[in-house]
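Protein sequence lines, in the order shown, are assigned to chains A, B and C. Residues 1 to 296 (the numbering used here) are what the first sequence spells out, left to right. Residues 1001 to 1250 (the numbering used here) are what the second sequence spells out, left to right. Residues 2001 to 2314 (the numbering used here) are what the third sequence spells out, left to right. Glycine included, C-beta positions come from ideal geometry on N, C-alpha and C. The structure under discussion appears below in the form of structure tokens.
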Amino acid sequence: MPGQSFSFAALGSQFLVGLSRAMILFIVCAGLSFVLGVLRVPNVAHGALYMLGAFSAYTISTRIGGSAGFWLALVLAPWVVALVSLIAERALFCHLYQREHLMLLLFTFALSLILSDLVKFVWGATYRSVLAPSFLKGFVPVFGSPFPRYNFFLLIMGPLVAVGLWLFTNKTRMGKICRAAAVDREMVGALGINVSWVFAAAFVIGCYLAGLGGALVAPTVSVTLGMDHTLIIEAFLIVTIGGLGNIWGALVGSLLFGITQSLGVLFWPQFAIVFPYVAVVIVLLLRPRGLLKSVW
Amino acid sequence: MLQVEAVYKSFGDFTAVYGAHLTVERGELVAVIGPNGAGKTTLFNLITGQLKPDKGKILFKGEEINGLPPYEICKKGIGRSFQIVNIFPRLTVFENVQVAVLAQQRKSSNLFFPAQSLAVEETSHILESVGLSDKAASIAGSLSHGDQKILEIAIALGNDPELLILDEPTAGMSPEETAATIKLVRQLAETRGLTILFCEHDMDVVFDIAQSIMVMHHGQTLIQGKPEEVRKDKRVQEAYLGSVELAEGR
Amino acid sequence: MPKGVANLIPRRGLWSAGGIFFALLIVPQFAPEFYVYILTLIFVTALLAMSLNLVIGHGGLFQFHHAAFYGVGAYAFALILTKTSLPVWVGFIAGPLTAAVMGLLIGWFCVRLSQLYFGMLQISLGSLIWAIVFRWYKFTGGDDGIHGIPRPSFLSSSNKVYYFVLLIVTFCLIVMYLILKSPFGRTLQAIRDNPQRCEAVGVNVRRHQLMAIVIATSFAGMAGVLFVVLERFVVPDLLFWTLSLEILIMCLLGGWFTFAGPVLGAALIVALRTFVGKYTEYWTLILGIILILLIFFLPEGVMGYFLRISERSR
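Structural data, given as structure tokens:
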């Protein structure tokens, strides 16, 4: 029941934990939001792709071993996921772009089913763990509590990805085209740009981010089947409260989600998982279209 | 019967309707004309409740109706057909009209009786009066464009309205279809005692049947009056590129 | 195109439905118990799928988390049977009633929103309920669920359960059919096709949709109750989002603009899942492939496809 040890130190420490979790959520949700904005479809397979990223990171890091293994995994695993998503997109998905959105959503659901069994097939049902590189292992006292060193790395990666995405969508030609396609795809087509390729690029980038999130989270959790299920719900909720398609909204939503969950642990550990959902419900009841403007 | 007073509507920076006025007397056939973008459809949307006016009043039979939702306004006796065909494509022609009649009879929420036995007489009657009886069992989506526009009107009639608002009823029709529709509209006005408000681009149609014409330009009301007055008005002639046609008169 | 709404079930369809019903009545007399169990499960799932189709196929609403109402009905029944000493019939009423109340609450917020937001808000609210049930160990048994729920004494054998479930499901389906043929149902389908036009002819669209949701969720709650009668346990998985998507697949597979399509879809999926499950543990993969085939080749569903070709041949 409420009334756990409530000191400012504990508060601060939990806040940082929530913040680091929010960074992973942000990276994954930024990808989801990006796909949602450009293709107007919520990618149900995003959770499975995240899981694929985590498992791929496991294989790469254990094959190569040591700290180098981790860094290599971090670089390569998202590309594995991106490749898989590209194959799915070019072989099947792109033929559906003229259909109703419900069909696209169902396709991504089918993809998630296939991918999760694929992961089961390749890696089996046992828990895996990925080791962080040596200088990121261990804890550092922060606010009097031990804080995992690795989380500092996450706290840096999150803003890095945010800046990277911002640069991409505002400074590169491809990114600007993606943004334009999100708002008015017919216009983009009328300019002579192949809209199908734009969608492919946006989809692959979004999935890359999912894989990156998976690879980053791997040292902090047990990599196992089923990690896609809870993540996809959380990702959907975050993207909804942030404003559909809005990447900054994904940031706001992730922060809200991660921090309410970790603070919830302080106040009511048994129901900590409920806090972020309640926060989401409150936001949606007050601002059903999300906190920030949706892209469309 | 219908009084629109100094009504304003903006969408962000763009002002669609800027202090428009309109008066419709009972039993009249009133037309609203104006070049594209003059705000006619917006004005209609304001009257029938799809949009809320920023300022101004809309009175129907003395009662203020601005701000009410469309289904309430409909219940007060205003029926409407849309410019872009707005039917129920997957239902049959009969069912299309029946939905409106059922709503009028307040039976939409009736859970317990088979729908095919309800409101049959009224629906058939309406289909007969618009000439669609022989197509009653066809799927609405398969009708020709002209027939679909007539179905539009039929659906609006399902509510047994006192005021019928028609948004470009002859748009996209061939000359024969247009003539038939005009005849129909005149007939409906007489036999059902309807008051009709419509907007049109086809000037022949307008000057043929309208008893009072309101001219809109840039969201404002330029003038409202009898056809001859409007035809002679200089501002109207300037606003319209077809000023030559107006001056010649038909 | 399907022939309007009046022909929701063609005459021949009624005769085959009657025939199937009588066949089902005789089955338990000679079939092994396992098949009786599977058929009972199919009945329950069919009711659930039909209730979803009421709002999604005939109503056009993006009801993305229908399973939440199913789970709530199941849990309500289970809790009444295990935590209180109230008579069983109270549980039978409480299941659909709780689901209907939840449908009213959640629906009230959702109908104010357009499609995608409707779906997302439902997923959020439904997931909140899942999270609460998942964690409230003392009350709901948490992630273990509640097991060993007693069956009502008059259902002493699996055959009796079979007939009981068959009767209730048939009754519910008949009621659903009557509702769809009534003015309410016709107006609902009109709203699906063109909500703006319906508003313009005097239909209070939101209230109508809300009524449809409440009706559909009460049927889902009933399905939940029947599930508990059959399986005698509840787990939080009944409230999980993936189940909602599975039911959606059933509606799609059967054909969501037809009346009985979801029944067929449910039967196919449950049967496949059971028998495929014997040979491989990759049922999820197969379900995904089925869904992809459906999307590309048979979006109107099996029954929709057959209705179409049978009409062309007339």
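Per-residue burial, residue i [other beta carbons within 10 Å of its own, 16 or more giving buried]
i, result
"Ser1174 of chain B", "exposed"
"Pro78 of chain A", "buried"
"Gly2224 of chain C", "buried"
"Ser2182 of chain C", "buried"
"Trp2015 of chain C", "exposed"
"Ser2244 of chain C", "buried"
"Lys1052 of chain B", "exposed"
"Ala22 of chain A", "buried"
"Ser85 of chain A", "buried"
"Trp2256 of chain C", "buried"
"Phe1094 of chain B", "buried"
Neighbour flag for residue i against chain A, beta carbons, 9 Å
i, result
"Glu2281 of chain C", "yes"
"Pro2299 of chain C", "yes"
"Arg2135 of chain C", "yes"
"Arg2112 of chain C", "yes"
"His2163 of chain C", "Note on residue identity: the sequence assigns Tyr, not His, to residue 2163 of chain C. Judged by the 9 Å Cβ criterion, Tyr2163 of chain C is not in contact with chain A."
"Thr2258 of chain C", "no"
"Leu2252 of chain C", "yes"
"Thr2274 of chain C", "no"
"Ala2131 of chain C", "yes"
"Phe2240 of chain C", "yes"
Residue i versus residue j: straight-line alpha-carbon distance, rounded
i, j, result
"Gln2029 of chain C", "Lys2160 of chain C", "11 Å"
"Gly2004 of chain C", "Ser2114 of chain C", "In this prediction, Gly2004 of chain C has a pLDDT of 46, which is less than 50 and means its spatial position is unreliable; nothing more can be read from the coordinates."
"Ile233 of chain A", "Cys2198 of chain C", "34 Å"
"Val35 of chain A", "Gly245 of chain A", "7 Å"
"Thr108 of chain A", "Leu2293 of chain C", "13 Å"
"Ile1084 of chain B", "Ala1140 of chain B", "15 Å"
"Pro2315 of chain C", "Leu286 of chain A", "Lying outside 2001 to 2314, the shown extent of chain C, residue 2315 of chain C is not represented and no answer is given."
"Lys963 of chain B", "Ile1165 of chain B", "Shown here, chain B extends from 1001 to 1250; a query on residue 963 of chain B therefore has no answer."
"Ala2017 of chain C", "Ile2249 of chain C", "23 Å"
"Met2120 of chain C", "Val2201 of chain C", "29 Å"
"Leu1163 of chain B", "Val195 of chain A", "47 Å"
"Gln1237 of chain B", "Ser1010 of chain B", "27 Å"
"Phe147 of chain A", "Thr1015 of chain B", "58 Å"
"Thr2274 of chain C", "Ile2042 of chain C", "11 Å"
"Ile1153 of chain B", "Ser1081 of chain B", "6 Å"
"Arg2151 of chain C", "Ala2049 of chain C", "24 Å"
"Pro1161 of chain B", "Ser2051 of chain C", "36 Å"
"Ile273 of chain A", "Pro2299 of chain C", "38 Å"
"Gln98 of chain A", "Glu89 of chain A", "14 Å"
"Ser145 of chain A", "Ser13 of chain A", "7 Å"
"Ser299 of chain A", "Gly226 of chain A", "Here chain A covers residues 1 to 296 and nothing more, so residue 299 of chain A does not appear."
"Met1216 of chain B", "Leu165 of chain A", "49 Å"
"Glu1248 of chain B", "Asp1167 of chain B", "Caution applies to Glu1248 of chain B, whose pLDDT of 46 falls short of 50 and renders its modelled position unreliable; the model cannot decide the point."
Chain B contact for residue i (CB, 9 Å cutoff)
i, result
"Asn2053 of chain C", "no"
"Arg2207 of chain C", "yes"
"Ala2006 of chain C", "Because the pLDDT of Ala2006 of chain C is 46, which lies under 50, any placement of that residue in the model is unreliable, and the question is left without a value."
For residue i: DSSP bridge partner residues
i, result
"Arg1080 of chain B", "B:Ile1165"
"Cys1199 of chain B", "B:Val1032, B:Asp1167"
"Ile1073 of chain B", "None, per the DSSP bridge assignment."
"Tyr1018 of chain B", "B:Tyr1008"
"Leu1251 of chain B", "The structure shown does not extend to residue 1251 of chain B, since chain B is modelled only from 1001 through 1250, so no value can be given for it."
Residue-chain proximity (residue i, chain C), Cβ-Cβ < 9 Å
i, result
"Phe1112 of chain B", "yes"
"Gly1249 of chain B", "Since pLDDT at Gly1249 of chain B reaches only 48, below the 50 mark, its modelled position is unreliable, and the value read off the structure follows with that caveat. For Gly1249 of chain B, the answer is no, since every Cβ of chain C falls outside 9 Å of its Cβ."
"Cys1074 of chain B", "yes"
"Asp308 of chain A", "Outside the displayed range of chain A (1 to 296) lies residue 308 of chain A, so it cannot be described from this structure."
"Met103 of chain A", "yes"
"Leu96 of chain A", "yes"
"Gly1079 of chain B", "yes"
"Phe109 of chain A", "yes"
Q: Anything in the segment 2174–2188 of chain C with a Cβ closer than 8 Å to a Cβ of chain B? List those residues in chain order, please.
A: Result list: Leu2178, Ile2179, Lys2181, Ser2182, Pro2183, Phe2184, Gly2185, Arg2186, Thr2187.
Q.
Tell me which residues of the segment 36–64 of chain A have at least one Cβ-Cβ distance to chain C shorter than 8 Å, keeping chain order.
A. So the close ones are Pro42, Val44.
Q) If contact means a Cβ-Cβ distance below 8 Å, which residues of the segment 2102–2129 of chain C contact chain A? A) So the close ones are Phe2109, Arg2112, Leu2113, Leu2116, Tyr2117, Met2120, Leu2121, Ile2123, Ser2124, Leu2125, Ser2127, Leu2128.
Q: Select from the segment 2210–2227 of chain C all residues with a C-beta closer than 9 Å to any C-beta belonging to chain B, and list them in chain order.
A: Per Cβ criterion, the list reads Met2211, Ile2215.
Q. Which residues, taken in chain order from the segment 253–270 of chain A, show a beta carbon closer than 7 Å to some beta carbon of chain C?
A. For the segment 253–270 of chain A, the beta-carbon criterion of a distance under 7 Å to any beta-carbon of chain C is satisfied by Gln270.
Q | Chain-ordered residues of the segment 272–284 of chain A with a beta carbon less than 8 Å from chain C | A | Correct list: Ile273, Val274, Tyr277, Val278, Val280, Val281, Leu284.
Q: Compile a chain-ordered list of the residues in the segment 1149–1181 of chain B whose CB is closer than 8 Å to at least one CB of chain C.
A: Per Cβ criterion, the list reads Ile1155, Ala1156, Gly1158, Asn1159.
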